[in-house]
Structure formats: structure tokens, C-alpha cells
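Peer 1: In case it helps, this note's numbering puts the sequence shown at residues 89 to 514.
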Amino acid sequence: MVNNAILSFDGKSIELPIYDSTTGEKCIDIRKLREQTGAVMFDPGLGNTAPCQSSITYVNGEKGILRYRGIPIETVAEKMTFVETAYLLIYGHLPNKNEMKAFSNRLTNNELLHEGLLHHFDAFPSNGQPMSILSAVVNSLICYSPEIMDTTNEEALDNAIAAIISKVRTIAAFSYRKAMGLPYIYPDPERSYCDNFLHMMFSIPNKMHQPTQEAVKALNLFLLLHADHEQNCSASTVRIVGSAETNLFSSVASGICALWGKLHGGANVAVFEMLTNLANNKETIPEFIERVKNKETRLMGFGHRVYKTFDPRARILKNAVFALLDAEEMKNDPLIKIALDLEKIALDDDYFISRNLYPNVDFYSGMILRALHIPLNMYTVMFSIGRMPGWIAHWLEGKRGEKKLVRPRQLYTGNVLADYVEVDKR
Ligand code: ACO
């Protein structure tokens with residue numbers, strides 16, 4: 089249903105169309121605003137701006153709702169695999185048996201890296217940042233799949249999608265092996281997606297790693313909970329880069345870079361460092377909370393641009409952490425105890441209550457990764473593997489949807505006109 093909003097500006101009354109989303113939120117169309125008034129909208133951080141239409145993921149931050157293609161995240165977590173979730177996000181519907189088999193086969197057929205790519209790993213220092221290595225190698229995948237530069241080749245695109253989802257896991261594991269001075273372990277086509285990743289990380293040539301069912305289940309849960317989150321910083325980055333008709337590999341590589349920052353996906357590392365500092369008695373919890381309230385630091389893993397209540401992913405992850413670690417290990421784990429103490433204090437403290445600051449996905453995700461023996465510098469890489477289907481889905485939606493180059497306006501605050509001064513007169 090279309091209604092109009094009336095904006096009074098400079099003595100004139102301007103009508104702006106209002107759209108209803110399928111879930112009832114209103115959206116005012118300001119596309120003609122500048123044409124009609126000469127003015128632009130000011131919205132730093134784009135916290136109140138919908139730059140596109142999207143049918144991938146729904147988040148209601150007030151009610152703590154997250155749905156992938158309409159399916160509640162709790163159901164996705166309970167019933168689905170990461171690969172099935174990836175298909176759902178990318179292709180827009182739950183796969184039937186044949187579609188699922190074909191997609192899984194495509195992933196398997198694309199799991200190996202071109203041998204030439206392995207030399208890239210040799211060129212990085214062994215202490216190189218894994219997120220930088222991941223983004224560089226993912227970006228370079230286009231050199232091995234030039235056929236997708238033909239944007240009308242749908243078969244090549246399907247292969248590229250499978251290549252990214254499958255190879256990102258191989259690249260992540262290989263960069264870890266390189267950093268540890270261990271030989272690369274090639275993917276095993278007989279293993280499932282998560283089992284195969286743990287195999288490439290932890291097998292050694294004369295002893296194949298067989299992860300427990302619980303470990304495979306926990307990794308699956310971790311990945312699918314991270315699979316998409318509508319117009320977040322990295323998905324928006326991918327959409328912006330894609331809007332210039334940049335290829336899929338390079339667009340998702342830019343998403344990896346955006347995710348790296350500690351206010352976004354890098355928060356899972358920052359949470360862990362915060363908990364470790366507290367465990368090492370660098371300061372007490374009340375001292376730390378005091379510094380947070382004085383704005384000297386932030387309580388990492390708390391707060392969210394959209395959620396003003398519990399992030400549903402944090403709830404699911406917290407339960408999974410408890411299920412994964414046995415009671416004895418749990419009792420003795422100082423980090424879990426500190427996380428629970430911090431959560432309790434924050435949820436009772438007016439500073440956090442009045443600002444609607446609740447645990448987000450990163451608060452408990454590191455606990456799962458630690459239980460899986462994933463090293464700390466790989467935490468955000470793990471998030472990238474999980475987020476890949478979402479980035480691909482957003483890139484595709486941009487390519488097939490409104491196809492509009494993203495090019496915002498600004499509120500200019502610089503010199504109106506300045507003189508050039510010769511260097512010897514400055
Ligand atoms: N600890 C302490 N105070 C906080 C926190 C926090 N984690 N987050 C927000 N605040 C305070 C701010 O200081 C501000 O206070 P004020 O009103 O007195 O000035 C108020 O809450 C609003 O904060 P903003 O920064 O304006 O909120 P915004 O929506 O821009 O921030 C963000 C969202 C960046 C996630 C923020 O909550 C944060 O820095 N959290 C910690 C980092 C983190 O966990 N990031 C992961 C997010 S989930 C993800 O990306 C996967």
C-alpha cells in the first residue's frame with residue numbers, strides 16, 4: 089500500500105511516498121527529495137537509512153527476532169546444516185533432495201585450491217594476519233575463474249558461488265597450517281563441510297583427525313548462526329563494491345576486510361582478549377566495569393546497532409557452550425565464569441540497561457571456538473566462513489535487483505574556495 093508523507097520545507101509542502109515492508113515497517117521514499125527541495129538527508133552511520141530492498145534476512149531489534157528467508161533462527165539452528173542454510177540464503181528457498189545433492193557435489197568439486205595458489209601462502213610471513221591473508225587469497229581467486237567476468241554466464245556464476253563457499257574453508261585451514269609450519273592437509277571429499285574443515289585444520293599426515301559428532305555439530309551451529317544479518321557493515325560493503333559491477337570474488341573479499349574491524353566481526357577476538365585480561369587479574373571486574381562506564385573502554389560483545397534486547401544468536405550460542413563443555417571443564421573454566429559474571433553485572437546495571445546494551449553474537453562465540461581448539465587469531469576468519477553465504481546472497485540481490493551504483497551525498501564542511509599558495513610562500 090502506498091501513502092504519502094508530507095514534508096514542509098522552505099514554505100513548500102512536499103509529498104514523499106511511504107512503503108510498507110512485508111513485516112509492517114514503514115519506509116519513506118526520499119529519492120526525489122533533492123530534486124524537489126535541493127536538500128539531502130543527513131544520516132551518519134546510515135542507522136536510519138534503507139539503501140535497498142531485500143528479501144534475504146529479517147531482523148527485529150526491539151523484539152530480538154532473526155529470520156533467514158522467513159525461517160526463525162531458532163528453527164534454522166535446530167534443524168538445518170550450514171550447507172543447507174547457505175543454499176537457502178543464496179537461492180532463496182529450501183533445497184529439495186536433488187538440489188541439495190547437486191549443491192553439495194558442486195562444493196566438493198570446488199574444494200581444492202589451484203596448486204599455483206599455494207605459493208601465495210609461502211609469500212606471507214608466518215605471523216601474517218589471517219584476515220589479511222584470507223581477503224588477499226579470496227580476491228585472487230578471480231584470476232583462476234576469469235569466466236565469471238562474463239556476467240551473463242549463470243553456470244559459471246553457480247560454480248563461482250560454490251567455489252567461494254568451499255574454498256574459503258580450505259584457504260582458512262591452509263593459512264593456519266602455514267603459520268604453524270605444518271604440511272597442508274588436502275580436503276577429503278568423503279567428509280561433510282564441517283568435518284572436512286576440522287580435518288584440514290587438525291589432521292597430520294600419519295594420523296587423520298576424526299572430530300567428535302559434538303564438535304561437528306557445534307561448528308555447524310557456529311557457522312549457520314553467522315550466515316547472514318541483513319544490512320550489516322560487511323554485507324553493505326559487499327553490496328557497495330558489487331554495485332560498481334565488481335566481480336563476486338573481489339566483492340566478498342571487501343566484506344572480509346570490513347568484518348575484520350573490532351566493532352564488527354573482530355569483536356569476537358576483542359571479547360576473548362577482554363576475558364583473558366580479567367582472568368589474568370590485570371584488573372577486577374568492578375574496576376573494568378567502572379572504566380567502561382567512564383567510557384575509557386567498551387564492554388566488548390555487548391551492544392548492537394539494531395538489537396535493543398538480547399541478540400537471539402547469543403542466547404543460542406550460550407546454551408550451546410554449556411552443552412559442548414562437560415560440567416567439570418565448565419566449572420573450572422575461568423573465562424566462562426568471568427563471562428557469566430560480566431553478563432550478570434551488566435544486565436543489572438543502569439548504564440547498560442538505560443542504553444539497551446545486551447550480549448551480541450560475539451559474546452559467547454569465542455567459547456565455542458575455544459572448545460573446538462581454534463586459535464584466537466582465526467576467530468574472525470571463522471566468522472568470515474560463516475558469513476560467506478550472506479555476502480553472496482547480498483551481492484546477487486544487488487546484481488539482479490535495482491542495479492544502482494551506490495554513490496551517497498554528503499554534508500560538505502570544507503573550504504568553499506581556497507587559493508593555491510606556492511610552496512616557498514607557505
Ligand atoms: N560498552 C559500553 N558502552 C557502550 C557499548 C559497549 N559495548 N556499546 C555502546 N555503548 C554506549 C555508547 O558509549 C553510547 O553511550 P552514550 O549514549 O552515553 O554516548 C551508547 O551506548 C550508544 O552507543 P553507539 O556507539 O552510538 O551505538 P552504535 O549503535 O553505534 O554501536 C556497536 C553499536 C558498535 C556494536 C557498539 O555497541 C559497540 O561498540 N559494541 C562493542 C563491540 C562489539 O561487540 N561489536 C560487535 C557487534 S555484533 C557484530 O558486528 C557481529
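Here a beta-carbon is modelled for each residue, glycine too, at the ideal position from N, C-alpha and C.
#1: Tell me the rounded alpha-carbon separation between SER101 and LYS492.
#2: In whole angstroms, what is the alpha-carbon distance linking LEU457 and TYR467?
#3: Would LEU177 and ILE144 qualify as a contact pair, given that the criterion is a beta-carbon distance under 8 Å?
#4: Run the CB neighbour count on TYR500, radius 10 Å, all protein chains shown included, and call it buried at 16 or more, exposed below.
#5: May I ask you to check if the CB of HIS482 is nearer than 7 Å to at least one heavy atom of the ligand ACO?
#6: Given a cut-off of 8 Å on the beta-carbon distance, is the pair LEU309 and ARG475 in contact?
#7: By how many angstroms is the C-alpha of PRO447 removed from the C-alpha of LEU435?
#8: Is it the case that the Cβ atoms of VAL340 and VAL226 are separated by a distance below 8 Å?
#9: Suppose you measure from the CA of LYS350 to the CA of ASP512; what does that come to, to the nearest Å?
#10: How far does the beta strand (DSSP E) with PRO400 in it extend, from its first residue to its last?
#11: Pull up the distance between the alpha-carbon of PHE262 and that of ALA315, whole angstroms please.
#12: Would you mind stating whether TYR281 and VAL171 have Cβ atoms separated by less than 8 Å?
#13: Output the residue ranges of the alpha helix (DSSP H) runs that lie fully inside the region 109-163 and measure 4 residues or longer, sorted by chain position.
#14: So, is GLY489 buried or exposed, given that buried needs 16 or more other C-beta atoms within 10 angstroms?
#15: Quick check: what's the CA-CA separation for ARG155 versus VAL380?
#16: I'd like to confirm something about ARG393: is its beta-carbon nearer than 7 Å to some heavy atom of the ligand ACO, or not?
#17: Within the same chain, show all residues whose beta-carbon is closer than 7 Å to that of TYR395, passing over the 5 residues directly before and after it, in chain order.
#18: Answer yes or no: the CB of ASN320 versus the heavy atoms of the ligand ACO, is any distance below 7 Å?
Peer 2: Reading from the atomic positions:
#1: 28 Å
#2: 7 Å
#3: yes
#4: exposed
#5: no
#6: no
#7: 9 Å
#8: yes
#9: 43 Å
#10: Unbroken run through PRO400 is the alpha helix (DSSP H), 400-412; no beta strand (DSSP E).
#11: 22 Å
#12: yes
#13: 121-125
#14: exposed
#15: 32 Å
#16: yes
#17: GLY149, GLY152, TYR446 and ASN448
#18: yes
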